[in-house]
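Using our numbering, the first residue of the sequence shown is number 515, and each one after it goes up by one. Okay, structure first, notes after.
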Amino acid sequence: MSNSKAMSLRFRDPEQQAAIAAAAQQAGVSMQEYILSAAYARATAVEDRFLAAFKDSMDRSGQAFAAEPSSSDPTPDQRAAERQAHRELQAGKQGHAA
């Protein structure tokens, strides 16, 4: 078995291969190094966009939790009514189980 460190590069489109070869030559690197560098740059760009979006999401979440209570927050009376309804519901379930 061969222990070659070179990548096997096959291109279906000869024009694509020529374009990549020319770009690699202009950059002064091998085709393998040029392709790997481009792939790494693309992957880190995706990672950077993801992390930026995640940070923005965290900032929005923090702002939402830090905001003053709004009209959508339940009042103490609403909470008491919900607890009472829950107790009545639980009592009804226990009656059916007996």
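Note that beta-carbon positions come from the ideal geometry of N, C-alpha and C, so glycine has one too.
CB of residue i within 8 angstroms of CB of residue j, strictly
i      : j      : result
ARG548 : ALA538 : The sequence given here places Tyr at residue 548; Arg does not occur at that position. Closer than 8 angstroms, so yes.
MET545 : ALA535 : yes
Coil, strand or helix - residue i by DSSP
i      : result
PHE525 : coil
GLY606 : helix
ALA612 : Residue placement at ALA612 is flagged as unreliable, the pLDDT there being 49, under the threshold of 50; a coordinate-derived value is accordingly withheld.
GLY542 : coil
THR558 : helix
PRO588 : coil
Length of the line joining the Cα atoms of residue i and residue j
i      : j      : result
ASP591 : ALA605 : 21 angstroms
ARG524 : LEU550 : 15 angstroms
GLN577 : ASP587 : 16 angstroms
SER575 : GLU561 : 21 angstroms
ALA594 : LYS607 : 20 angstroms
SER571 : ALA552 : 29 angstroms
GLN598 : LEU565 : 45 angstroms
GLU596 : ALA559 : 49 angstroms
VAL543 : ASP573 : 42 angstroms
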